[in-house]
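Visitor: Respectively, the protein sequence lines represent chains A and B. Counting from 1198, one number per residue, gives the positions in the first sequence under our numbering. Counting from 1198, one number per residue, gives the positions in the second sequence under our numbering. For each residue, glycine too, the CB sits at the ideal point set by N, CA and C. These numbers come from a predicted model, not from an experiment. Have a look at this one.
Protein chains: 2
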Amino acid sequence: MGRRERKKAATRQSLADAALRLFTERGYDEVGVREIADAADVSVTTLFKHFPDGKEALVFDQDVDREAALVAAVRERPAGQSVPEALHRMLQGEHSRRVRTDPRFDDFLRLIDTTPALREYARRMWLRHEHALAAAIADDAGLPADDPGCRALAHFTLEAPALVRGSHDPDTALDRVFDLLGNGWPGTRAG
Amino acid sequence: MGRRERKKAATRQSLADAALRLFTERGYDEVGVREIADAADVSVTTLFKHFPDGKEALVFDQDVDREAALVAAVRERPAGQSVPEALHRMLQGEHSRRVRTDPRFDDFLRLIDTTPALREYARRMWLRHEHALAAAIADDAGLPADDPGCRALAHFTLEAPALVRGSHDPDTALDRVFDLLGNGWPGTRAG
DNA sequence: TAAAAAAGCGTAACAGCTAAACTTTCTAAG
DNA sequence: CTTAGAAAGTTTAGCTGTTACGCTTTTTTA
Chain A
1198 MGRRERKKAA TRQSLADAAL RLFTERGYDE VGVREIADAA DVSVTTLFKH FPDGKEALVF
1258 DQDVDREAAL VAAVRERPAG QSVPEALHRM LQGEHSRRVR TDPRFDDFLR LIDTTPALRE
1318 YARRMWLRHE HALAAAIADD AGLPADDPGC RALAHFTLEA PALVRGSHDP DTALDRVFDL
1378 LGNGWPGTRA G
Chain B
1198 MGRRERKKAA TRQSLADAAL RLFTERGYDE VGVREIADAA DVSVTTLFKH FPDGKEALVF
1258 DQDVDREAAL VAAVRERPAG QSVPEALHRM LQGEHSRRVR TDPRFDDFLR LIDTTPALRE
1318 YARRMWLRHE HALAAAIADD AGLPADDPGC RALAHFTLEA PALVRGSHDP DTALDRVFDL
1378 LGNGWPGTRA G
């Protein structure tokens, strides 16, 4: 990697670090974008060149490839496992893996939990993969790629993390969400 | 109704009318809040006193009582009908009723469809009723009011309208969504 | 080593939104 | 009927996120 790219990455990291620190110290809404740029010793315009999606994006620096993981969860699930179950396990695994990996992951989650704008943004990031996930599910089930049922399952799956966040017991809550998606609402069957 | 209240309502209506007209003529993002205030012959601060939730709220003037209708759909459903089915029918009815009632309803829907900010806002308005709906469902099922399964069903139900909007055939798409919520994803059962 | 590419800068501006202090209009109680 | 106060509205001024523009500096590459 050349010097240019290294410096670029350093500036970006500087911004993300400053942002996360200031946000966790004083709260997302109490910290302005000018201040973050100052803390990273960079101009505001530079900040927005690194994070064109805006202030919220500063918090979601690590943009790992979740889409591939989602599609793989469907495609490569063990025999006898349902699609909802595969997605369920994949989400569980993703979460606990990151808790162990990143030491600041707890702060990160707390920040998101307490900031509506960030919750929204996180949700939108997940939902970006709706199309790809729906297509994978449809392919697996032998249905057209835009089948509404597949889209619904994809959509609800991707929304599940945001939905259970804030429960006393998010793990159990997630189980219940996938009970619903896997088995439907118990009681009189719909016509 | 006194003169004061009448004038207030007139101003509000003036603003909503101007906004809807300008938005449909030129597109949501091409019309600024100053211009709307001008068109309604009112100051910008006045506009925001009438619509404290911001520019998006100008489009959703009619805030009828959907929450009561949702809760009633669960509570007063005919015997033998499942909760998802009751909610399904209620959403269908709500939609077709408003198509017949309001002549500008089509413009209104098209505007929302083509404007991400408005879609988001519409979704948030629906989700405001999540708590009440979840409580009604839980009460009906004899579960604690904050049961995660009930919350999930409420959440997914309220999200269904936004989800099917934009399909070739929204009606059928809605049927599929409620198939999923009522019967679960077909195939190997989840553990 | 010259020139293209890219990172960064400062200024200026726009959009949405809010606070503050002040004027007009309506309501209602004495 | 009058008058005090509530409520609607106005002006001004400003904050925050975000972008455009034109310029300088650094790094790459031909």
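Which of helix, strand or coil does DSSP assign to P1281 of chain A?
Guide: Helix.
Visitor: Within its chain, find whatever has a CB closer than 6 Å to the CB of A1335 of chain A; leave out the 5 residues flanking it on each side and keep chain order.
Guide: Here the set comprises A1342, D1344 and C1347.
Visitor: Quick check on DSSP: helix, strand or coil for D1336 of chain B?
Guide: D1336 of chain B: helix per DSSP, three-state reduction.
Visitor: Smallest Cα separation from A1254 of chain A: which of A:R1316, A:E1282, A:R1223 and A:L1350?
Guide: The shortest C-alpha separation from A1254 of chain A is found at A:R1316.
Visitor: Using a Cβ cut-off of 7 Å (strictly closer), state whether G1339 of chain B contacts chain A.
Guide: Judged by the 7 Å Cβ criterion, G1339 of chain B is not in contact with chain A.
Visitor: For A1269 of chain B, count neighbouring Cβ atoms within 10 angstroms of its own Cβ and tell me buried if that reaches 16, exposed if not.
Guide: When all chains shown are included, A1269 of chain B counts as exposed.
Visitor: Going by the CB atoms, is the gap between V1228 of chain A and L1219 of chain A shorter than 7 Å?
Guide: Yes, Cβ-Cβ distance for L1219 of chain A and V1228 of chain A is below 7 Å.
Visitor: Here's a check: name, in chain order, each residue in its chain whose Cβ is nearer than 7 Å to the Cβ of R1263 of chain A, leaving out the five neighbours to either side.
Guide: Excluding sequence neighbours, R1263 of chain A sits near H1326.
Visitor: Does any residue of chain A have a CB that is nearer than 7 Å to the CB of A1349 of chain B?
Guide: Closer than 7 Å to some Cβ of chain A, the Cβ of A1349 of chain B qualifies, so yes.
Visitor: Put Q1289 of chain A into one of helix, strand or coil per three-state DSSP.
Guide: Here Q1289 of chain A sits in helix by DSSP.
Visitor: Quick one: which chain B residues come within Cβ less than 7 Å of A1370 of chain A?
Guide: Here the neighbours are P1345.
Visitor: Could you name the residues of chain A that L1378 of chain B contacts, counting a contact when the two beta carbons are closer than 9 Å?
Guide: Correct list: A1349, F1353, L1377, L1378, G1381, W1382 and A1387.
Visitor: On the premise that L1378 of chain B lies in contact with L1377 of chain A, defined as a C-beta separation below 8 Å, what is that separation, rounded to the nearest angstrom?
Guide: Yes, they are in contact, since the Cβ atoms of L1377 of chain A and L1378 of chain B sit about 7 Å apart, within 8 Å.
Visitor: Give me the Cβ distance between R1320 of chain B and E1291 of chain B, rounded to the nearest whole Å; I'm assuming they're in contact under 8 Å.
Guide: The pair is not a contact, with the Cβ atoms about 15 Å apart (cut-off 8 Å).
Visitor: Which residues in the same chain as Y1318 of chain A place their Cβ atom closer than 6 Å to its Cβ, once the five residues preceding and following it in sequence are excluded?
Guide: Correct list, in chain order: E1253.
Visitor: Nearest to D1214 of chain A by CA position, among A:P1281, A:L1350, A:E1202 and A:Q1259, is which residue?
Guide: When only C-alpha atoms are compared, the closest one is A:Q1259.
Visitor: Specify, as a first and last residue, the run of the alpha helix (DSSP H) that K1246 of chain B falls within.
Guide: Per DSSP, K1246 of chain B belongs to the alpha helix (DSSP H) from V1241 to H1247.
Visitor: Nearest to A1265 of chain B by CA position, among B:V1241, B:L1330, B:Y1225 and B:R1373, is which residue?
Guide: Closest option to A1265 of chain B, Cα to Cα, is B:L1330.
Visitor: Measuring straight from C-alpha to C-alpha, what distance separates I1233 of chain B and L1212 of chain B?
Guide: Taking the straight line joining both Cα atoms gives about 7 Å.
Visitor: Closer than 7 Å, CB to CB, is R1373 of chain B near chain A or not?
Guide: R1373 of chain B counts as touching chain A.
Visitor: Look at the alpha carbon of A1352 of chain A and the alpha carbon of V1296 of chain B, and state the distance between them as a whole number of angstroms.
Guide: Note on residue identity: the sequence assigns His, not Ala, to residue 1352 of chain A. Rounded to the nearest angstrom, the two C-alpha atoms are 27 Å apart.
Visitor: Go ahead and label E1282 of chain A buried or exposed: buried means 16 or more other beta carbons lie within 10 angstroms of its beta carbon, across all protein chains shown.
Guide: With 16 or more Cβ atoms within 10 Å of its Cβ, E1282 of chain A is classed as buried.
Visitor: Kindly give me the distance between the Cβ atoms of V1361 of chain B and A1370 of chain B, rounded to whole angstroms, as I take these residues to be in contact under 8 Å.
Guide: About 4 Å; that satisfies the 8 Å criterion.
Visitor: Taking 7 Å as the threshold (beta carbon to beta carbon), is L1330 of chain B in contact with chain A?
Guide: Cβ-Cβ to chain A under 7 Å: no for L1330 of chain B.
Visitor: Note down, in chain order, every chain A residue with its Cβ under 9 Å from the Cβ of L1412 of chain B.
Guide: The structure shown does not extend to residue 1412 of chain B, since chain B is modelled only from 1198 to 1388, so the question has no answer here.
Visitor: Secondary structure at F1257 of chain A, three-state DSSP: helix, strand or coil?
Guide: Note: F1257 of chain A maps to coil in three-state DSSP.
Visitor: In this structure, does DSSP put V1228 of chain B in helix, strand or coil?
Guide: V1228 of chain B: coil per DSSP, three-state reduction.
Visitor: Please classify H1365 of chain B as buried or exposed, where buried requires at least 16 neighbouring CB atoms within 10 angstroms.
Guide: Under this definition H1365 of chain B is an exposed residue.
Visitor: Which residues in the same chain as D1310 of chain B place their Cβ atom closer than 7 Å to its Cβ, once the five residues preceding and following it in sequence are excluded?
Guide: Excluding positions up to five away in sequence, the list reads R1362 and G1363.
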